[in-house]
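Report on the following structure.
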Amino acid sequence: MPNKKAAIKDLKKSKKRSVRNSLIKRNIKEIIKKGQKAVTEGKPVGDLSKQLQKAVDKAIKNKILKPNAGNRKKSRFAKMIKRGPVTEKSKNKAKTE
Numbered sequence: 195m196p197n198k199k200a201a202i203k204d205l206k207k208s209k210k211r212s213v214r215n216s217l218i219k220r221n222i223k224e225i226i227k228k229g230q231k232a233v234t235e236g237k238p239v240g241d242l243s244k245q246l247q248k249a250v251d252k253a254i255k256n257k258i259l260k261p262n263a264g265n266r267k268k269s270r271f272a273k274m275i276k277r278g279p280v281t282e283k284s285k286n287k288a289k290t291e
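This note's numbering numbers the first residue of the sequence shown as 195 and each following residue consecutively.
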């Protein structure tokens with residue numbers, strides 16, 4: 195445990211920030227999982243895409259995510275949406291290539 199008053203306050207601040215940062219990161223992961231589920235079911239994903247971009251951009255701005263990590267998440271999500279649902283036909287096609 196910290197001995198000085200300032201160190202104690204700093205510890206409190208870092209714990210609060212840690213909780214807030216983990217909530218934001220978890221929210222981003224949940225949006226991605228919802229998107230994966232929607233893509234496999236063939237549902238529209240436009241709203242989730244906007245939500246993800248907004249959440250990731252805010253996380254980058256607040257230095258919760260590094261810029262490249264955030265951009266990679268957005269890019270992979272967009273690629274997943276573009277690919278569409280995985281069907282038996284597309285699985286067989288992927289195996290033969």
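Note that CB positions come from ideal geometry on N, CA and C, so glycine has one too.
Nonlocal neighbours in the same chain, by C-beta distance under 8 Å from residue i, ignoring five residues either side
i, result
"Pro261", "Ile254"
"Lys228", "Leu242"
"Asp204", "Pro196"
C-beta atoms of residue i and residue j nearer than 7 Å
i, j, result
"Lys268", "Gln245", "no"
"Ile222", "Leu242", "no"
"Gly240", "Val250", "no"
Pick from the options that is closest to residue i, judged by C-alpha positions
i, options, result
"Lys257", "Ser216, Thr234, Phe271 and Val239", "Ser216"
"Lys273", "Arg211, Gln230, Lys237 and Glu235", "Gln230"
Cβ-Cβ separation, residue j to residue i (assumed contact under 8 Å), whole Å
i, j, result
"Ile202", "Val233", "Actually they are not in contact, since the Cβ atoms of Ile202 and Val233 sit about 47 Å apart, beyond 8 Å."
Residue i classed as buried or exposed, judged by whether at least 16 other C-beta atoms fall within 10 angstroms
i, result
"Leu259", "buried"
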